[in-house]
Every structure is written in C-alpha cells, then in structure tokens.
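Asks: Chains as they are written, first to last, in the UniProt record's numbering: chain H, 1 to 680; chain G, 1 to 680. Here it is, the structure in full.
This is the structure:
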C-alpha cells in the first residue's frame with residue numbers, strides 16, 4: 001500500500017508528486033505474474049496514483065497482455081535477474097522485468113529516477129542488481145526518552161517516527177511514508193530500535209511483538225524486512241533466568257522459544273542486531289564465552305526461521321587509562337574478532353564499522369574487513385551526523401562512503417570493501433563454499449522532523465546511502481545530482497548549480513575545518529560530539545587521543561615504534577601506512593606522531609596545513625550563505641529558511657572550529673601562521 | 001519547639017544527645033522574662049529534653065526566682081547585650097543573660113559547646129555578640145527537578161529537604177531538624193529557593209505562600225527568618241502584566257500588593273533574594289533601568305513591612321568571546337555596581353561573592369566590597385562544594401572563609417571584610433548616618449542525605465560557616481575542634497587527632513592538586529565543575545581563561561599592560577597586585593601572565609611548583625586513607641564507611657588532577673619535572 005503523507009507539513013523528500021510526472025503521464029501496464037504479495041500492490045498503487053495525478057493510464061494485466069498501446073510495461077517474469085530488474089526500450093515501449101514484485105518496485109523507481117529519459121530511443125536491456133543482498137538501516141531510537149541520550153540516540157531530527165510517550169506510536173503514518181522512501185532506493189532491512197537496548201526497549205522482543213508486527217506490516221509492502229536490536233541479557237531481564245550463558249540449555253531454549261514467538265507473529269522477520277560486551281552492554285564475556293559463542297546462540301534460535309544475527313564488532317575497552325600508550329582502541333576489533341574467523345554460524349553477519357575508531361570524518365578502513373574471509377561481514381556506515389555536524393552542517397557523505405566501499409582492502413586488490421561484504425566470488429573459503437554475503441548497514445538520520453532529517457539537505461545522505469548500498473560504484477556526485485532532480489523537480493537551474501556548490505565537496509570542507517590529518521575527535525564531549533574541543537577527549541577513558549605537545553602531534557600506530565596497528569593490514573597497506581614517506585597526508589596523524597614542522601606530501605608543514613585548511617574552509621562555508629540566499633523564492637520558503645538558519649549556525653560553528661584549532665596549535669607550537677591571518 | 005529527628009537514620013550532626021550531656025546533667029533555671037515568643041519555648045524544650053536524658057532538672061521561673069539550687073540560669077533580661085548574650089560564673093552558678101529568647105538560645109548553645117568547662121571556676125561576664133546582624137543561608141533548591149541542574153542546583157547531598165515530587169514536602173521534619181541545627185550556630189536567615197527562579201518556584205511568592213508559611217513556622221522557633229528568591233519578571237510571569245519595568249506604576253503596585261500578601265501570611269518574613277540580569281535571569285536592563293532602580297522597586301514594596309532585598313552583584317557577560325582579551329569578567333561586578341554607590345534604598349543589601357569570579361578555591365577578595373561605602377553590603381560564601389570537590393572530597397573551608405572575612409580590604413586597614421559587611425563605625429558615610437549593616441550569606445550544602453551533606457565531614461563546613469558568621473575572628477581550626485567534640489562526643493582521642501590530620505589543611509591540599517597559583521577553573525564543564533579539565537573553560541563563553549601557551553600562563557590583569565582589574569582595588573592592594581615582585585604567589589596567575597620559568601617567592605619556578613605541589617598533595621590525600629581506616633570501630637560504622645568510600649574517590653580524583661595538570665604543563669612547556677616523578 002502506498003500512503004500519502006498524513007500531514008501537508010511533512011516534506012516529501014525525493015518523492016514529491018512532480019517527481020513521478022514522467023511516469024504518471026504514460027500509459028502503463030503492470031503485470032505481476034504470480035507474485036500476489038503486498039509489494040506488487042505497492043507497484044500498482046504507485047502507478048495508479050502517478051497516472052491519476054499526471055494524466056496517464058494504468059492497466060493491470062497478466063502475461064497474456066499485449067504491450068501495444070502502452071508506454072511502459074512493468075512485468076514480473078521468471079527470467080528477471082535475481083534481486084534486481086532489467087530495463088529495455090523496444091518499439092517505443094519501455095519494459096521493466098523483474099523476478100518478483102520487489103525487483104519490479106526497484107525497477108519502477110529506476111524509471112522514476114530516469115524520468116523522460118526512460119522513454120527515449122530504443123536501447124538494449126540493462127540489468128541492475130544490488131551488490132549487497134542486505135542493505136539495512138539501523139535506528140537508534142529509544143521508546144523511553146533516555147535521560148542522557150534522548151528519544152533518538154545520536155538523533156538530530158526531532159523525535160522518533162516509531163515511538164512517543166513511552167510506547168510505539170498509534171499513528172504510524174510517518175513510518176509508512178518512510179517505508180516508501182526506503183523501498184524507492186532499495187533499502188530492504190530496517191532495525192527499529194537502539195543497539196543500546198534499555199529495559200523498556202528489550203521488551204519489544206516479548207510483550208511488544210504486536211507493536212513490532214504493526215511496524216513490519218508497514219515496511220513489508222516496500223520490500224523491507226524488520227529487525228530488532230536485542231539485549232544479550234534477555235534471558236535474565238525478560239525470561240527471569242539466572243544466567244544468559246550461551247552454553248546453558250535453558251538459555252538456548254529461551255532464545256529458541258523467543259524466536260518461535262517472533263516468527264509466529266512476523267513470519268518474514270529479519271533477525272536480530274546485537275551490541276554485546278560493548279560500552280557496557282551485556283555479552284558473552286560475563287560467562288567466559290567469546291563472541292562466536294554469543295552470536296551463534298542467537299543464530300541457532302533464528303535459523304529454523306531463516307533469520308539472521310547482525311553482531312556488531314564495535315568492541316573495545318571503554319575504560320581505558322589515557323596514561324597508557326600501549327593500549328590502542330584502533331586495534332580492538334581486529335584483536336577480538338580476527339581470531340574467531342570461521343567460528344560464526346552461517347546466519348551470523350559480523351557488522352563492522354568502516355573505521356577502527358568510531359565514524360570519524362576520516363579514518364582508515366577497518367582491517368577487520370580484510371581479516372575474516374570465512375565470516376559473513378557487513379560494513380556499518382553512519383548516515384546520522386554524529387561526528388559530522390549534527391545535521392546542522394551541510395556535509396554530504398556520499399563521497400566518503402564511495403571511498404569506503406571502493407577501497408581495495410584485501411590482498412587481491414580487486415576485492416574492495418563492497419565486494420568483501422557482498423561475498424562475491426574469490427572472497428570466501430568455507431566448507432559450504434557459498435556462504436551468503438553480509439551486507440551494508442548504516443545508522444539512519446531521520447526523525448519526526450518536518451524535513452525528516454533536520455537539515456533538509458541531509459536527506460541527500462539518506463538517499464545516497466541507499467543508492468550506494470545498491471551500487472557502490474555509482475558516482476556520488478551523480479547521485480547527488482539525481483537527488484536534486486527528484487527533490488526539486490522543475491526547479492530553476494540555479495538551484496541545481498548552487499546545491500552542487502554547497503554539497504559536492506562539503507565532506508572535505510567539514511574535514512578541513514575540524515580535526516586535521518586523520519587524528520580524529522577534538523569534538524566536544526559536553527555537547528554530544530558537536531563543536532570543537534581540542535583536548536575534549538585527550539584525558540578521557542575513551543581511547544581517543546592525539547598526544548599533542550609543544551613539539552608535535554599524532555598517534556604512533558606503526559609496528560616499528562608504535563602500537564602495531566598498521567600491522568593488522570594486509571600488504572600493501574601495512575607498508576604504506578607504516579612508512580612516513582608513503583602514508584597519505586589525510587591519515588598521517590592517525591598513524592604517526594610527527595613534529596609540527598614535518599612536511600606533508602602537499603609541500604606544507606603540518607602546522608601550516610592546520611592553519612591554512614581551517615581558514616580556507618571557513619571562507620568556503622561563509623560563501624555558501626550568500627549562494628543559498630540567492631535561491632530565495634526558487635525553493636519552497638520553509639525549506640529555504642531552514643537551510644539558511646542552519647548555514648548561519650554552520651558558519652558560526654566552523655568559525656569556532658577554525659579559531660580554536662588554530663589557536664590551540666599556535667599556543668602549543670609557537671609557530672606563527674605564515675599568512676598572518678588572525679590567531680588568538 | 002524542638003523536634004527529634006524523625007528517622008533514626010538521620011545523622012544528628014553536631015547535636016547528638018550526648019553533646020548535651022554536660023548541660024543535661026545540671027539543674028537549670030530558665031527565666032524568659034517577658035519574651036513569650038516561640039524561641040523561648042525552644043530554649044525550654046532543649047533544656048527539658050537534655051535534663052530528662054541526662055539526669056538534670058529544669059525549672060521554668062521568672063525574674064523573682066532565686067538562682068540558688070541551680071547550676072545554670074538562663075535569663076532574658078533587658079540589660080542583655082543586643083543580639084547577643086553574656087555568660088558568667090558566680091558562686092558556683094553559671095548565668096547566661098540575653099535581651100531576648102533568641103539571644104538566650106544562642107547562649108544556651110554556647111554552654112553546650114563549652115560543655116563541662118562552662119561549670120568550672122567562677123569568671124567575669126563574657127559577652128558574645130554577632131558581628132554580622134544577618135547571617136544567612138541560601139538554598140539553591142528547586143521545586144521541579146531541573147533537567148540540567150536537578151532538584152538542588154549545585155547540591156551534592158541528595159534531594160531537597162524542602163521539596164519533593166514537584167511540591168513543598170508534606171513531611172517537613174527534616175526542615176525542623178535543620179532549623180534546630182542552624183539556630184544552634186547562630187544562623188538567623190534562610191532563603192528557601194534557588195536564585196535561578198524557574199517557573200514553578202516563582203509561584204512560591206503567590207500560590208505557594210501557605211507552604212512558605214509552613215516552612216517559616218519551623219524556622220521561627222530557632223530564631224531564623226525565612227526569605228524567598230524571587231524573579232524580577234514576576235509582574236509578567238505571575239501578574240499577567242506586560243512589563244516588569246521598575247518605573248511602571250502598575251509594576252510597583254503589583255510588588256506592593258505581593259509584599260502585602262506575603263506579610264499578611266508571614267508577619268516576620270525576611271525579604272527577597274534576587275539574581276537579576278545575571279546568567280540569563282530577567283532584570284531591569286530590559287527596560288533601560290539599572291540595578292539600583294531594580295533593587296529599589298522591590299525594596300519599596302518590602303519597606304512598610306520591615307523586609308529587606310538581598311540583591312546579588314554577580315553580574316557579568318556570560319556570552320563572552322574567548323578571543324577577546326580586553327573584556328575581563330573579574331572587572332564586571334565593580335564596573336556594574338560601584339557607580340551605583342549611594343543609590344540603593346536603605347533596605348537593600350548588595351550581596352557580593354567573595355571573589356570577582358565565582359567561588360574558586362583561591363581568588364582575590366572582590367574589590368566591590370571596598371568600593372561602596374554608602375551601600376549595605378553582604379559577602380556571599382559557598383558552603384556547598386561546587387568548585388571544591390562536590391562533597392566527595394574532604395575540603396574544610398573554615399580557613400578560606402576566615403581569610404576572606406579577615407582580609408583588610410579597605411583603605412583603612414582596620415576595616416576588614418567582616419567589618420565592612422557589618423557596617424561597623426567608620427565604614428559608612430551616608431545621609432542617615434547609621435545605615436544598618438549588610439551581613440554574611442552563603443549557599444547551603446545540605447540535602448536529604450542521611451548525613452545531611454553527603455560527605456559526613458562536610459558538616460563541619462556548615463558548622464564553621466555559622467560560627468564564623470557570628471564571630472569572624474574565631475580560629476577556624478579551633479572551630480573544627482569544637483565541631484569534632486560535639487559531633488563525636490566521648491570518642492577515642494585518635495578520632496580527634498585524625499580528623500585534624502585530614503581536615504585542618506584540607507582546603508590548601510585541595511588547592512594544591514587543582515588549578516595552580518590562583519588561575520582558577522580547570523574544572524570539567526561536562527561534570528558540573530568536578531574533576532580536572534585544564535582547557536575545559538579555555539575556549540568558552542564564560543570569561544574564565546588561563547591563556548596557557550608553550551611559553552607561559554596566567555591572566556594579565558595589571559593596569560600597566562592588562563585588563564586594569566588590579567586598579568579596582570584601593571591601596572595598598574592595587575600596587576601589591578600590580579607588581580610581580582609583590583603579588584603573592586597564590587594569586588600570581590590571577591594577576592599576571594608569566595613564563596613557566598618565572599621564579600616564585602617560594603624559590604621554585606612556576607612549572608616546578610605545578611609539578612611538585614600536585615604530586616605532594618596527592619601523597620597527602622593518599623595518606624588519609626590509612627589514617628581513616630585506623631578509626632574503624634571508633635566512629636559509627638555507617639559514617640566510617642561513607643567517609644572511607646569518599647576518600648577512595650578523592651584519591652582517584654586527586655590523582656586525575658595531578659596527572660592531567662602535570663601532563664598538560666609538561667606537554668606545553670617541555671620542561672621536565674626535576675624530581676623525575678611520572679609524567680605522561
């Protein structure tokens with residue numbers, strides 16, 4: 001079912017009615033074949049609504065229906081490509097073929113994105129198949145407002161679309177709208193509660209199942225399966241057992257019964273997401289078991305039903321002593337998990353953050369992704385802008401994710417991250433020989449905000465995430481362009497041009513005014529990682545240090561003299577990162593402690609780079625204000641005002657970053673800025 | 001009336017039954033003369049309870065009663081000293097004479113404190129009179145739990161004794177116990193709600209009056225008058241007016257009517273405490289009026305009833321730009337208020353924090369106290385340990401307050417702070433010639449904690465505050481000894497010795513492991529000013545900077561080259577502080593920016609002083625753990641355990657302070673610690 005937005009005040013994101021005009025003006029035949037599921041109904045309803053609005057016509061036919069008299073044929077056929085669709089143009093008719101209604105829905109939106117161009121000259125079949133079979137969004141939404149973390153942990157777009165007033169919302173119309181948006185970009189999995197599972201939220205697995213089913217009913221018609229984050233301590237917390245030990249038969253029985261109940265209520269339930277033995281969450285360590293024992297416990301409960309465990313590899317010592325330079329948080333995931341390769345059941349996916357620390361704007365790629373060929377792996381990205389400006393800053397993350405997914409991490413350089421997590425041939429060497437793949441996951445950035453994402457332009461991140469999860473080789477700037485066309489259909493060309501000006505390189509601009517050269521953090525702990533605080537995490541328990549002194553800065557993670565983290569990489573990366581001469585500038589301070597006068601590949605000293613890039617970046621951000629102001633009247637007023645207000649804040653905040661970071665390094669190094677720009 | 005503690009779990013502080021044994025074992029005659037007020041009943045009840053418990057006898061007589069057959073005579077007589085009492089010993093009878101029952105109550109407790117020594121050899125009359133006529137405690141208690149500041153702002157002892165569940169408590173027995181404690185040390189005024197007056201709390205002035213009266217009824221029998229903190233915006237917030245402009249007749253009428261209602265309900269109501277145009281609180285600036293206009297508005301409403309306005313001088317720009325080194329928060333109170341000297345009505349007291357910043361462990365004395373001879377002044381201290389370890393650290397503040405009150409600030413060196421705020425002859429030069437004095441105020445440190453103050457030893461701060469407010473010339477270590485004797489009556493002598501070991505110099509020890517040489521702050525903004533964060537306030541809006549760079553540290557507040565703050569002092573202090581050669585070490589960095597190699601009067605360099613004093617102080621704190629452990633079994637178990645637990649935390653926290661501050665300065669200065677102790 002396709003629901004319209006319940007309130008005219010909710011922004012349609014990239015699916016305004018006008019974006020469907022090229023489709024809606026055509027005569028469309030839909031043939032669902034034998035697929036009688038709810039997604040087919042969505043396809044029909046999308047076409048019905050678009051054609052009704054834009055003067056076209058819908059015919060619902062079958063495989064006997066002629067394509068004559070139609071501009072577009074959407075057809076479920078057994079020869080459609082697995083998980084995808086094929087589009088061709090022949091005899092003036094555009095034909096989309098998919099093996100099931102879900103593929104057809106994705107093909108339908110492919111036509112929407114193409115617009116009139118889908119109805120041009122004849123062309124040969126083009127097949128589109130997602131690289132990653134699971135393309136998930138994780139919601140860090142809480143049912144009860146958490147006293148510190150709020151309704152949505154790391155949420156910057158208002159409340160939760162799922163929960164309010166301590167319960168699952170009665171009115172889930174925003175979820176229905178959201179499901180439509182996700183289905184349109186190929187997302188097929190969603191975990192609806194925070195990985196930090198508090199007491200109330202734990203009960204979704206038991207008392208809350210009817211509510212979870214209501215949510216799943218809204219995602220299902222868009223090809224999206226529902227997952228729950230669960231507490232490893234559930235047998236104790238919910239079941240009244242005295243232990244959650246994976247080896248305990250009562251515990252095993254409890255999980256099996258819990259899974260049985262879930263699937264009795266939601267037959268296509270996706271599975272569990274688990275954060276265990278991480279930042280205080282319970283886990284198998286309490287019982288002397290390891291992560292494989294823990295994950296397999298849950299996997300065996302889900303297996304009879306076809307469910308999957310997404311087990312997070314984000315495990316490290318969060319009570320570190322800042323005095324201790326031998327312990328390295330960056331090493332932790334590899335040290336914990338690499339030895340377990342081959343021990344996880346086949347329905348366990350190990351969910352690995354893209355970098356070894358925590359969603360920084362710049363990190364090296366996690367070496368765990370190269371280290372576990374006999375394990376299903378998923379890479380975890382962060383759409384919500386925890387470390388990238390809280391959706392107050394323009395920071396288009398498509399280019400970051402594109403780099404991550406395309407990074408040739410494995411020893412065979414053709415095995416980039418996307419291929420690793422997609423389980424493409426060559427990666428695996430397991431008894432079964434053809435383990436299913438892992439996938440791509442990310443933390444969502446939506447809330448009950450009018451614009452979904454707080455900053456209206458942050459919608460582009462959600463869009464790009466879905467599109468890149470389907471096709472990691474897509475050009476992120478082209479995806480941005482696609483998003484602009486859909487979101488601002490028919491807009492003055494200046495809108496497109498200005499959005500490119502603001503957004504194309506906005507990630508690099510954000511990086512340029514924040515922590516330099518891959519050193520990370522320098523965010524304010526007191527404001528949830530927003531704004532500058534150069535020493536904010538320097539003397540903390542979190543393992544996130546830059547070690548700046550009057551002579552230099554950076555973390556020595558070399559094998560020769562440092563923590564040895566560089567040695568966790570396969571060649572050539574271990575050598576590349578180990579050697580100051582080959583380590584890329586943007587990761588220099590992640591791998592090396594260098595004097596301020598160290599000369600970068602760019603030819604600048606470290607300290608002058610810090611000075612220059614911060615000042616230059618603020619000049620760039622400042623220029624955006626006028627550029628955006630010139631769009632007044634060319635985009636909807638409310639959206640214009642919201643972006644304008646956030647740009648003002650971005651300028652203010654970026655200026656703080658610039659001045660604090662420059663001043664910090666001047667006070668420490670004593671080196672004047674060669675350009676003479678103000679310093680304090 | 002004297003109430004017993006309602007719960008055996010509430011610690012009796014310095015009034016355990018045993019502390020009253022020397023009195024209670026005697027035959028006591030009480031003669032209240034013509035004073036038929038509630039305080040007289042308290043005197044009688046105190047004696048009745050003590051004698052009943054300890055085998056003595058009470059006779060309630062009149063001025064015809066013979067002193068024969070009594071050990072102690074407590075008598076209200078017209079010739080008693082104003083506000084005080086006289087004690088003598090003659091013919092084996094101890095006689096206390098006071099002009100009213102309140103003085104007699106204070107005399108009674110003087111006998112309690114003296115114990116058996118009050119019944120020794122005959123001696124001539126000794127008169128005790130309080131130096132400050134108003135000796136107040138301010139409670140920063142909220143009715144509604146504030147989302148950031150909690151039930152008690154800067155409270156470290158549990159919830160409020162006044163409020164719970166969004167209303168004034170039904171059961172106010174803790175307030176009655178508290179009133180008895182306050183009366184016993186001579187406190188005579190209490191403001192029962194936070195100076196940051198939020199919406200619910202504002203209504204105490206109107207809808208809440210019946211509840212305020214219930215509280216006042218409990219303080220009155222102990223000689224304590226009740227005050228309210230009020231919002232300057234009350235006419236708008238409570239009265240529905242469109243303005244709170246002091247010049248507006250409707251506003252004036254509103255305040256007059258409000259005061260009339262208060263006094264109709266509570267005839268001995270003390271008055272208002274006001275934080276206006278400070279840290280976001282409303283005030284007269286919004287209407288183009290100044291603080292005198294604002295204070296006088298309220299004063300005129302109170303004047304017909306004998307009430308007083310305590311108007312806080314804590315006014316500064318709390319949206320400062322850290323880049324701006326010309327603005328100096330330290331200057332603010334003087335700049336705002338000194339020009340207004342002589343403009344305040346006679347029932348206005350200007351309440352001035354002892355230092356120019358904010359209750360730091362070490363600040364120079366506020367120059368405002370020397371600058372307003374035609375204004376009634378009160379000095380404000382902080383018993384609650386906002387900046388001195390949150391009542392997790394042993395930090396006996398008596399010596400700090402003793403220094404403050406005894407500081408010879410005015411040009412006539414005999415005019416110390418205590419004399420200034422007491423309006424003693426020589427200070428004033430006003431038309432009326434005999435303005436009443438200001439007083440001494442402080443923020444209370446009690447809550448609904450079993451031990452009143454979280455850390456049991458923090459009770460000594462409350463005790464010493466009251467005693468010093470009565471007699472600023474008292475020796476703080478003697479007061480501590482007095483407190484020990486009362487609180488641990490009959491204890492093994494090792495208790496007394498150990499408490500002196502821990503507490504006598506604990507303020508200096510705390511100073512020695514925290515921010516050095518008067519520079520202040522370096523506390524963690526993210527933990528409410530607890531624990532170290534050297535740069536925590538360095539790039540903030542709060543005007544609290546140390547300006548450390550690789551070469552040196554400190555704030556240049558000289559007239560010659562700095563902010564000119566030193567020039568706000570009368571001679572000789574302006575010259576003393578201005579000159580590096582005469583500025584005392586402990587305030588060096590408050591007044592001067594110096595290189596790390598600057599040699600202190602102590603002979604050490606600044607940086608070596610930082611290294612040494614932090615390390616030495618932690619060694620001291622660490623030694624306390626064993627010293628306290630040796631008292632196991634010699635003090636009540638619960639109290640022993642509570643102190644032991646807090647000492648462990650103090651060692652942990654002090655160690656953090658030591659290591660972070662030492663490391664910070666090593667990283668900045670590059671100067672090694674000459675002693676070779678560990679640095680990171």
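Built from N, CA and C at the ideal position, the CB exists for glycine as well.
With a threshold of 9 Å between beta carbons, is residue 353 of chain G in contact with chain H?
Replies: Residue numbering aside, residue 353 of chain G sits at position 353 when the second chain is read from its first letter. Cβ-Cβ to chain H under 9 Å: no for residue 353 of chain G.
Asks: For the stretch 559-618 of chain G, which segments carrying the alpha helix (DSSP H) assignment without a break, of at least 4 residues, lie completely within its bounds, in sequence order?
Replies: Fully enclosed alpha helix (DSSP H) runs of 4 or longer: 573-578 and 588-591.
Asks: First and last residue of the beta strand (DSSP E) that includes residue 142 of chain G?
Replies: Numbered from its first residue, the second chain carries residue 142 of chain G at position 142. First-last of the beta strand (DSSP E) with residue 142 of chain G: 141-146.
Asks: Below 9 Å between beta carbons: does that hold for residue 589 of chain H and residue 543 of chain H?
Replies: The residue labelled residue 589 of chain H in the question sits at position 589 within the first chain. The residue labelled residue 543 of chain H in the question sits at position 543 within the first chain. No, the Cβ-Cβ distance between residue 589 of chain H and residue 543 of chain H is not below 9 Å.
Asks: Alpha carbon to alpha carbon, how far is residue 469 of chain G from residue 541 of chain H?
Replies: As a first step, residue 469 of chain G is located in the second chain; it is residue number 469 there, counting from the start. As a first step, residue 541 of chain H is located in the first chain; it is residue number 541 there, counting from the start. So the two alpha carbons sit approximately 43 Å from each other.
Asks: Step through the CB atoms of chain G and report whether any lies within less than 9 Å of the CB of residue 561 of chain H.
Replies: Here residue 561 of chain H is taken as the residue at index 561 of the first chain, counted from 1. No, no contact with chain G.
Asks: Could you give the DSSP three-state label for residue 474 of chain G: helix, strand or coil?
Replies: Numbered from 1 along the second chain, position 474 holds the residue referred to as residue 474 of chain G. Correct three-state label for residue 474 of chain G: coil.
Asks: Looking only at its chain, what residues have a beta carbon closer than 7 Å to the beta carbon of residue 35 of chain G, apart from the 5 residues adjacent to it on each side?
Replies: In the second chain, the residue the question calls residue 35 of chain G occupies position 35. If we look at residue 35 of chain G and ignore the five residues flanking it on each side, its Cβ neighbours are 76, 100 and 101.
Asks: The ligand SAM and residue 253 of chain G: does the residue's C-beta get closer than 8 Å to at least one heavy atom of that ligand?
Replies: Only the bare structure without any ligand can be found here, which leaves the ligand SAM out of the picture.
Asks: Can you list, in chain order, the residues of the stretch 539-555 of chain H whose Cβ is nearer than 9 Å to any Cβ on chain G?
Replies: Listed in sequence order: 539, 547, 548, 549, 550 and 551.
Asks: With a threshold of 16 other CB atoms inside 10 Å of the CB of residue 87 of chain H, please say whether the residue is buried or exposed.
Replies: The sequence position of residue 87 of chain H within the first chain is 87, counting from 1. Looking at its Cβ environment, which holds 16 or more other Cβ atoms inside 10 Å, residue 87 of chain H is buried.
Asks: Residue 165 of chain H CB to nearest chain G CB: under 9 Å?
Replies: Working through the first chain from its first residue, we reach residue 165 of chain H at position 165. Chain G, which has no Cβ nearer than 9 Å to the Cβ of residue 165 of chain H, makes this no.
Asks: For the stretch 310-328 of chain H against the stretch 503-515 of chain H, are there 3 or more C-beta pairs whose distance is under 8 Å?
Replies: Too few Cβ pairs lie closer than 8 Å, so no.
Asks: Quick one, which of H:619, H:456, H:534 and H:580 has its alpha-carbon nearest residue 664 of chain G's?
Replies: Your numbering for residue 664 of chain G matches position 664 in the second chain. Ranking the options by Cα distance to residue 664 of chain G, first place goes to H:534.
Asks: Going by Cα to Cα distance, which pick from H:291, H:53, H:131 and H:44 is closest to residue 415 of chain H?
Replies: By one-based count along the first chain, residue 415 of chain H stands at place 415. Comparing Cα-Cα distances from residue 415 of chain H to each of H:291, H:53, H:131 and H:44, the minimum goes to H:131.
Asks: For residue 73 of chain G and residue 95 of chain G, which I take to be in contact (beta-carbon distance under 8 Å), what is that distance rounded to the nearest angstrom?
Replies: Residue 73 of chain G sits at position 73 when you count from the first residue of the second chain. Residue 95 of chain G sits at position 95 when you count from the first residue of the second chain. The pair is a contact, with the Cβ atoms about 5 Å apart (cut-off 8 Å).
Asks: Taking C-beta pairs closer than 9 Å, name the residues in chain G that residue 535 of chain H reaches, listed in chain order.
Replies: Here residue 535 of chain H refers to the residue found at position 535 of the first chain. In chain order: 533, 534, 535, 536, 538 and 664.
Asks: Give the straight-line distance between the Cα atoms of residue 271 of chain H and residue 307 of chain H, rounded to the nearest whole angstrom.
Replies: By 1-based counting over the first chain, the position of residue 271 of chain H is 271. By 1-based counting over the first chain, the position of residue 307 of chain H is 307. One C-alpha to the other measures close to 5 Å.
Asks: Any beta-carbon of chain H closer than 9 Å to the one on residue 613 of chain G?
Replies: Sequence index remark: in the second chain, residue 613 of chain G carries index 613 (1-based). No, residue 613 of chain G lies away from the interface with chain H (no Cβ there is under 9 Å from its Cβ).
Asks: Can you look up residue 541 of chain H in the DSSP assignment and give me helix, strand or coil?
Replies: Within the first chain, numbered from 1, the residue matching residue 541 of chain H stands at position 541. Residue state, collapsed to three classes: coil.
Asks: Using C-beta distances below 7 Å, list every residue in its chain close to residue 605 of chain G, excluding the 5 sequence neighbours before and after it, in chain order.
Replies: Taking the first residue of the second chain as 1, we reach residue 605 of chain G at position 605. Counting only Cβ-Cβ distances below 7 Å, and skipping sequence neighbours, we find 596, 597, 598 and 599.
Asks: For residue 345 of chain H, name the three-state secondary structure that DSSP assigns.
Replies: Mapped onto the first chain, residue 345 of chain H falls at position 345. Residue 345 of chain H falls in the coil class under three-state DSSP.
Asks: Three-state secondary structure (DSSP) at residue 38 of chain G?
Replies: Walking along the second chain from the start, residue 38 of chain G turns up at place 38. If DSSP states are grouped into helix, strand and coil, residue 38 of chain G belongs with the helices.
Asks: Compare the C-beta of residue 323 of chain H against all C-beta atoms of chain G and say whether one is closer than 9 Å.
Replies: Taking the first residue of the first chain as 1, we reach residue 323 of chain H at position 323. Interface residue, yes.
Asks: For chain G, check one thing: does any of its Cβ atoms lie closer than 9 Å to the Cβ of residue 658 of chain H?
Replies: The sequence position of residue 658 of chain H within the first chain is 658, counting from 1. Not closer than 9 Å to any Cβ of chain G, the Cβ of residue 658 of chain H fails to qualify, so no.
Asks: Going by the beta-carbon positions, is the gap between residue 154 of chain H and residue 386 of chain H smaller than 9 Å?
Replies: Looking up residue 154 of chain H in the first chain gives position 154. Looking up residue 386 of chain H in the first chain gives position 386. In this structure, residue 386 of chain H lies closer than 9 Å to residue 154 of chain H by Cβ.
Asks: I want to verify the contact list: residues of chain G whose CB lies under 7 Å from the CB of residue 683 of chain H, in sequence order.
Replies: In this structure chain H extends from 1 to 680, so residue 683 of chain H is not present and cannot be described.
Asks: Residues of chain G with a CB under 7 Å from the CB of residue 155 of chain H: which are they?
Replies: On the first chain, residue 155 of chain H is found 155 positions in, with the first residue counted as 1. Simply none; closest approach about 17 Å.
Asks: Which residues in the same chain as residue 239 of chain H place their Cβ atom closer than 7 Å to its Cβ, once the five residues preceding and following it in sequence are excluded?
Replies: Residue numbering aside, residue 239 of chain H sits at position 239 when the first chain is read from its first letter. Result list for residue 239 of chain H: 254, in chain order.
Asks: Any idea what DSSP makes of residue 503 of chain H, helix, strand or coil?
Replies: For the purposes of this step, residue 503 of chain H is taken as residue 503 along the first chain, with counting starting at 1. If DSSP states are grouped into helix, strand and coil, residue 503 of chain H belongs with the helices.
Asks: Quick one, which of G:418, G:654 and G:267 has its alpha-carbon nearest residue 303 of chain G's?
Replies: Translated into positions along the second chain, residue 303 of chain G becomes position 303. The residue with the shortest Cα to Cα distance from residue 303 of chain G is G:267.
Asks: Closer than 9 Å by beta-carbon distance: list the chain H residues that pair up with residue 670 of chain G, in chain order.
Replies: The residue you call residue 670 of chain G lines up with position 670 of the second chain. Here the neighbours are 549, 550 and 551.
Asks: Considering just the uninterrupted stretch of the alpha helix (DSSP H) at residue 401 of chain H, what are its terminal residues?
Replies: Numbered from 1 along the first chain, position 401 holds the residue referred to as residue 401 of chain H. Residue 401 of chain H -> alpha helix (DSSP H) spans 398-406.
Asks: Spell out whether any CB of chain H is found under 9 Å from the CB atom of residue 280 of chain G.
Replies: Working through the second chain from its first residue, we reach residue 280 of chain G at position 280. Chain H contact via Cβ: absent.
Asks: Does DSSP put residue 19 of chain G in a helix, a strand or coil?
Replies: For the purposes of this step, residue 19 of chain G is taken as the residue at position 19 of the second chain. Helix.
Asks: Who are residue 190 of chain H's beta bridge partners in DSSP?
Replies: Walking along the first chain from the start, residue 190 of chain H turns up at place 190. Its beta-bridge partners are H:137 and H:226.
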